[in-house]
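Enquirer:
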Amino acid sequence: MRIFQDKGRTILPSVDFIFLISRLLTIFGSTWFVISSGHSIEEYTSVSILALAYLITLYIFWRLIRLGNHDMQKPYLAIMVFEIVFISMMIKITGGIQSDFYLLYYLTATFTAYLMTMRATLVLAGILSITYLVVIQRDITIDNGVDLFLRIGLIWSFPLAVAYVSAHVHRSEQRLLKLFDTLNQRTSELEKSQANLEMIYENSRILAGILDVDEVIENVMNITGKLLAYPASGLILMGHGDNLIYRGRNISGQNNFHLKAVDDQKAQLINRVAKQPEPLIVMNIAGRTDYPPLRMNTCSVMLVPMVTHGNINGVLLAESPQEGAFTEKDLKILSVVARSAGMALENATLHRRMEELTITDELTGIYNYRYFTMKLKEEQRRASRYGLPLSMIMLDIDWFKNFNDNYGHEVGNIVLKGITGVVKKCIRDVDVFARYGGEEFVIILPQTPQDEVVKIGERIRQQIETTVFGGGDIPELKVTISAGVSSFPENGKPNEELLSLVDQALYRAKGSGKNTVCVI
Numbered sequence: 000m001r002i003f004q005d006k007g008r009t010i011l012p013s014v015d016f017i018f019l020i021s022r023l024l025t026i027f028g029s030t031w032f033v034i035s036s037g038h039s040i041e042e043y044t045s046v047s048i049l050a051l052a053y054l055i056t057l058y059i060f061w062r063l064i065r066l067g068n069h070d071m072q073k074p075y076l077a078i079m080v081f082e083i084v085f086i087s088m089m090i091k092i093t094g095g096i097q098s099d100f101y102l103l104y105y106l107t108a109t110f111t112a113y114l115m116t117m118r119a120t121l122v123l124a125g126i127l128s129i130t131y132l133v134v135i136q137r138d139i140t141i142d143n144g145v146d147l148f149l150r151i152g153l154i155w156s157f158p159l160a161v162a163y164v165s166a167h168v169h170r171s172e173q174r175l176l177k178l179f180d181t182l183n184q185r186t187s188e189l190e191k192s193q194a195n196l197e198m199i200y201e202n203s204r205i206l207a208g209i210l211d212v213d214e215v216i217e218n219v220m221n222i223t224g225k226l227l228a229y230p231a232s233g234l235i236l237m238g239h240g241d242n243l244i245y246r247g248r249n250i251s252g253q254n255n256f257h258l259k260a261v262d263d264q265k266a267q268l269i270n271r272v273a274k275q276p277e278p279l280i281v282m283n284i285a286g287r288t289d290y291p292p293l294r295m296n297t298c299s300v301m302l303v304p305m306v307t308h309g310n311i312n313g314v315l316l317a318e319s320p321q322e323g324a325f326t327e328k329d330l331k332i333l334s335v336v337a338r339s340a341g342m343a344l345e346n347a348t349l350h351r352r353m354e355e356l357t358i359t360d361e362l363t364g365i366y367n368y369r370y371f372t373m374k375l376k377e378e379q380r381r382a383s384r385y386g387l388p389l390s391m392i393m394l395d396i397d398w399f400k401n402f403n404d405n406y407g408h409e410v411g412n413i414v415l416k417g418i419t420g421v422v423k424k425c426i427r428d429v430d431v432f433a434r435y436g437g438e439e440f441v442i443i444l445p446q447t448p449q450d451e452v453v454k455i456g457e458r459i460r461q462q463i464e465t466t467v468f469g470g471g472d473i474p475e476l477k478v479t480i481s482a483g484v485s486s487f488p489e490n491g492k493p494n495e496e497l498l499s500l501v502d503q504a505l506y507r508a509k510g511s512g513k514n515t516v517c518v519i
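To convert, note that position 367 of the sequence shown is 366 in numbering that gives the first Met the number 0; the numbers rise steadily by one, no gaps.
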């Protein structure tokens, strides 16, 4: 049978010291009464020995309180036993039924009933009643029967009343503590949500001021990977022909900005979100074949479209290895980030388009030298920061001066336009094609190793050699080009020297008989 109530956490004051002080006063008061009342030496000795044992027990009790983290049930029981014996001895010494020391039974019963369960309180009341009757059995008469009945009745009523109230207070206290726990949890969640909102607001403000697409993507990945601490996240943008391309990924806090196409056949879930302005949470992707996770242990995923002015320009996603890791609150937070990212990307794209109006070559429509130099520095910084390969091709039309002298500048301009059209078909959308000088062109190929760029350079040379320019009122003409190629890090030089190296490669190509590709 459980004797004491489970104290657990409590907002009520501790009764340990109050219990201790009341018992000390009982001992000293009772002992002083015996000494001052002139009792026999035998009675005085018995009371002194019992009081000394009681004091030792109380001292041990006090030490346990000071040390803390001890089970106090056995010390309480020991003190109760000593107290019952001590009070019974005092009653017997000081007059039996005539002694007023029986009132100390009420103190014992009432105080311990606050700590005990209802069943234990009933047992205690029974023990006190039997003990008192045994102590005064010789003094019991018919005349004092009513008085005795009242005393025994109070031994039962006082502790039962206290035990009932104590149990009720204890239950109410536990309910109140649960409410406090809920309130603290809600407060903590509210503070966390407020902190997240402030963080998102601040980063959205920062994103709104960024006018470079790559920098926007990097900041968004930092938000999802570091601030929101998703185990894995990704940013997917719409490419030409509605193709989906990973522009940024963050896995275990590490950013990855290598371009990666999304397989339409294996990423139907991403395609679905990219075509409708509704976010999506999947509690468990186990067994699904319509989503390629960024991590092998991914279990739950959250996908949010980046919608700007009613148009979807990409998808922002987050993954977790835990089933059901994402809630509606997480979805709202990521949706806010997605909207801010979408707006920032649109602003950066519009800014880039405005710049393109001033950075394109008026004749050919490709980038001019000013934009080329700016983009080269940008790609060189990116290659250094992320350890990415960077390649360049420089083209020069063979004998173009003689060509202009023979056919005129107007025909020469037509050939320049035709060559730019051929080159555009041989390179990627992410490559930077610019007019470097009169008849010289340059191509920046990000994330392209040397073996691939050589193939591209040779393909461009062959396509131009076999292409017929002009026609109609203009004579059909053929031209050839020389090309210089260099790649970082294969060339073994710092990427800042890439332009000088590719210029040297072109010089060698022209010095080797033209219509060739030379690599440094």
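Cβ atoms here follow ideal geometry from the backbone N, Cα and C, with glycine treated the same way.
So Val-161 and Thr-109 are in contact, right, with Cβ under 8 Å, and what is the actual spacing, rounded?
Expert: Rounded, the Cβ-Cβ distance is 5 Å, consistent with contact.
Enquirer: Considering Glu-174, what are the terminal residues of the alpha helix (DSSP H) in which it resides?
Expert: One detail in the question is off: residue 174 reads as Arg in this sequence, not Glu. Taken as a continuous stretch (DSSP letters only), the alpha helix (DSSP H) holding Arg-174 covers 144-207.
Enquirer: Of the choices Arg-351, Ile-199, Ala-504 and Tyr-101, whose alpha-carbon is the least far from that of Thr-25?
Expert: Here the closest residue by C-alpha is Tyr-101.
Enquirer: My assumption, with CB atoms under 8 Å, is that Gly-95 sits in contact with Arg-137. Please give the rounded CB distance.
Expert: About 7 Å separates the two Cβ atoms, so the contact holds.
Enquirer: I'd like the list of long-range same chain contacts for Gly-483, defined as Cβ closer than 6 Å, with 5 residues on each side in sequence excluded.
Expert: Hits under 6 Å: Met-393, Val-501, Ala-504, Leu-505, Ala-508 and Cys-517.
Enquirer: Give a yes or no on whether the C-beta atoms belonging to Met-220 and Gly-247 are separated by under 8 Å.
Expert: Yes. Within cutoff.
Enquirer: Over the uninterrupted beta strand (DSSP E) stretch that includes Phe-546, give me the two end residues.
Expert: Nothing about residue 546 can be read from this structure; the chain reaches only from 0 to 519.
Enquirer: Please state the DSSP three-state secondary structure of Phe-110.
Expert: Phe-110: helix per DSSP, three-state reduction.
Enquirer: Whose CA, out of Pro-276, Trp-31 and Gly-233, lies closest to the CA of Ala-260?
Expert: Nearest of Pro-276, Trp-31 and Gly-233 to Ala-260, Cα basis: Gly-233.
Enquirer: Taking contact to mean 3 or more Cβ pairs, one atom from each stretch, closer than 8 Å, check whether the region 277-287 and the region 194-204 are in contact.
Expert: No, the region 277-287 is not in contact with the region 194-204.
Enquirer: Just verifying my parser: in three-state terms, what is the DSSP assignment at Asn-242?
Expert: In this structure, Asn-242 counts as coil in the three-state DSSP scheme.
Enquirer: From the DSSP output, read off the bridge partner residues of Leu-268.
Expert: Answer is none; Leu-268 lacks a bridge partner.
Enquirer: Just the Cα atoms here: how many angstroms apart are Pro-474 and Phe-468?
Expert: Their backbone Cα atoms lie some 8 Å apart in a straight line.
Enquirer: If we count the other Cβ atoms within 10 Å of its Cβ and call it buried at 16 or more, is Ser-481 buried or exposed?
Expert: Its Cβ being crowded by 16 or more others within 10 Å, Ser-481 is buried.
Enquirer: For Arg-248, which of helix, strand or coil comes out of DSSP?
Expert: Three-state result, Arg-248: strand.
Enquirer: So, does the region 343-363 touch the region 263-278, judging by three or more C-beta pairs under 8 Å?
Expert: As far as the Cβ criterion goes, the region 343-363 does not touch the region 263-278, which means the pair count is below three.
Enquirer: For a test of the three-state rule: what should DSSP assign to Leu-279, helix, strand or coil?
Expert: Three-state DSSP puts Leu-279 in a strand.
Enquirer: Just mark Gly-512 as buried or exposed, buried being the case when its beta carbon has 16 or more other beta carbons within 10 Å.
Expert: Exposed, since its Cβ has fewer than 16 Cβ neighbours within 10 Å.
Enquirer: Can you tell me whether Tyr-385 is buried or exposed? The criterion is at least 16 other CB atoms within 10 Å of its CB, across all chains shown.
Expert: With fewer than 16 Cβ atoms within 10 Å of its Cβ, Tyr-385 is classed as exposed.
Enquirer: Check for me: the beta strand (DSSP E) holding Leu-520 runs from which residue to which?
Expert: No answer is possible for residue 520: the residues shown for the chain start at 0 and end at 519.
Enquirer: Is the beta carbon of Ile-78 closer than 8 Å to that of Leu-57?
Expert: In contact: Leu-57 and Ile-78 (Cβ atoms closer than 8 Å).
Enquirer: Return the CA-CA distance between Val-134 and Pro-158, expressed in angstroms with no decimal places.
Expert: The alpha-carbon atoms of Val-134 and Pro-158 are separated by roughly 21 Å.
Enquirer: According to DSSP, which residues form a beta bridge with Asp-395?
Expert: Note: Asp-395 sits in a beta bridge opposite Glu-439 and Ser-481.
Enquirer: Quick one, which of Ile-463, Glu-496 and Gly-364 has its alpha-carbon nearest Val-431's?
Expert: Considering only alpha carbons, the answer is Gly-364.
Enquirer: Are the beta-carbon atoms of Ala-231 and Ile-244 separated by less than 8 Å?
Expert: For Ala-231 and Ile-244, no; Cβs fall outside 8 Å.
Enquirer: Report back the beta-carbon spacing between Ile-269 and Val-314 to the nearest angstrom; my notes put them in contact at under 8 Å.
Expert: Indeed, because the Cβ distance is near 6 Å, the residues count as touching under 8 Å.
Enquirer: So for Leu-375, helix, strand or coil by DSSP?
Expert: If DSSP states are grouped into helix, strand and coil, Leu-375 belongs with the helices.
Enquirer: What does a CB cutoff of less than 6 Å around Glu-82 pick up in its chain, not counting 5 residues either side in sequence?
Expert: Excluding residues within five positions, the ones whose Cβ falls inside 6 Å are Thr-107.
Enquirer: Can you look up Leu-389 in the DSSP assignment and give me helix, strand or coil?
Expert: Residue state, collapsed to three classes: strand.
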